[in-house]
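S.K.: Please find one structure pasted underneath; my questions will follow.
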């Protein structure tokens, strides 16, 4: 390097040890993302209970045809419970995902035309997503993990 340079050496053993522990413990964040995935799955399941989206807005009401077929007490997106029961999460070193393997899940999340000839309009009833509270929770999980990594 030409010109001027500044070199910093950490001589505080406690600080150097804490930094080393932090680097060692953040090399594999899978346990952190596993915790985040589990927490996001729980909030997604809560949306089925509250029948509301990640932004807190209530899901669209049942159509008159659905009310006739299933009754006025029918819960949204819970006809047989397959969609709810299929919710799962996966985590890796750098990610957490919440979702389902049900083919029809997309139409319920985004809404659209369905059925033969696409004659039925299904309103969007978003259940997947990250709410403001979820973001706060993710931040707390990350902060707690990093704080524990430095303390140990």
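In the working numbering, the protein residues as written are 514 to 665.
In this text, a Cβ means the ideal position worked out from N, Cα and C, and glycines have one as well.
#1: In whole angstroms, what separates the C-alpha of residue 640 from that of residue 584?
#2: Is it true that the segment 621-630 meets the segment 537-547, where meeting means three or more beta-carbon pairs spaced less than 8 angstroms apart?
#3: Given this structure, state the Cα-to-Cα distance separating residue 597 from residue 561, to the nearest angstrom.
#4: Would the segment 575-592 and the segment 523-530 be scored as touching if the rule is three or more Cβ pairs under 8 angstroms?
#5: Buried or exposed for residue 616, please, with buried defined as at least 16 other CB atoms from any protein chain shown within 10 angstroms of its CB.
#6: When burial is assigned at 16 or more other CB atoms within 10 Å of the CB, is residue 514 buried or exposed?
#7: Roughly how many whole angstroms lie between the Cα atoms of residue 594 and residue 663?
#8: Please state the DSSP three-state secondary structure of residue 609.
#9: Within 10 angstroms of the Cβ of residue 563, are there 16 or more other Cβ atoms? Answer buried if so, exposed if not.
#10: Would you say residue 644 and residue 547 are within 8 angstroms of each other, going by their C-beta atoms?
#11: Which whole-angstrom value is the C-beta distance of residue 552 and residue 661, which I expect to be below 8 angstroms?
#12: What separation, rounded to the nearest whole angstrom, lies between the Cα atoms of residue 611 and residue 603?
#13: So, are the CB atoms of residue 631 and residue 573 less than 8 angstroms apart?
#14: Which runs of the alpha helix (DSSP H) at least 4 residues long sit entirely within the segment 563-627? Give them in chain order.
M.R.: Let me lay it out:
#1: Numbered from 1 along the chain shown, position 127 holds the residue referred to as residue 640. Numbered from 1 along the chain shown, position 71 holds the residue referred to as residue 584. The straight-line gap from Cα to Cα measures roughly 22 angstroms.
#2: Taking a contact to require three or more Cβ pairs closer than 8 angstroms, the segment 621-630 and the segment 537-547 do not qualify as touching.
#3: Reading the chain shown from its first residue, position 84 is the one you call residue 597. Reading the chain shown from its first residue, position 48 is the one you call residue 561. Their Cα atoms are separated by approximately 7 angstroms.
#4: Touching, no, given that fewer than three Cβ pairs across the two stretches are closer than 8 angstroms.
#5: Walking along the chain shown from the start, residue 616 turns up at place 103. Result: exposed.
#6: Against the chain shown, residue 514 aligns to sequence position 1. Summary for residue 514: the model assigns pLDDT 48, below 50, so the residue's position carries little reliability, and this model does not support an answer.
#7: Position 81 of the chain shown, counted from the start, is the residue given in the question as residue 594. Position 150 of the chain shown, counted from the start, is the residue given in the question as residue 663. Distance from the CA of residue 594 to the CA of residue 663, rounded to the nearest whole angstrom, comes to 43 angstroms.
#8: Here the question's residue 609 lines up with position 96 in the chain shown. If DSSP states are grouped into helix, strand and coil, residue 609 belongs with the strands.
#9: Working through the chain shown from its first residue, we reach residue 563 at position 50. In this structure residue 563 is exposed. Its beta-carbon is surrounded by fewer than 16 other beta-carbon atoms within 10 angstroms.
#10: For the purposes of this step, residue 644 is taken as residue 131 along the chain shown, with counting starting at 1. For the purposes of this step, residue 547 is taken as residue 34 along the chain shown, with counting starting at 1. Against a cut-off of 8 angstroms, the Cβ pair of residue 547 and residue 644 comes out as no contact.
#11: Numbered from 1 along the chain shown, position 39 holds the residue referred to as residue 552. Numbered from 1 along the chain shown, position 148 holds the residue referred to as residue 661. The beta-carbon separation of residue 552 and residue 661, rounded to 16 angstroms, does not stay under the 8 angstroms limit for a contact.
#12: In the chain shown, residue 611 corresponds to position 98, counting from 1. In the chain shown, residue 603 corresponds to position 90, counting from 1. Rounded to whole angstroms, the gap between the alpha carbons of residue 611 and residue 603 is 7 angstroms.
#13: If you number the chain shown from 1, residue 631 lands on position 118. If you number the chain shown from 1, residue 573 lands on position 60. Cβ atoms of residue 631 and residue 573: not closer than 8 angstroms.
#14: Along the length of the segment 563-627, whole alpha helix (DSSP H) runs at least 4 residues long occupy 577-583, 595-599, 618-623, reported in chain order.
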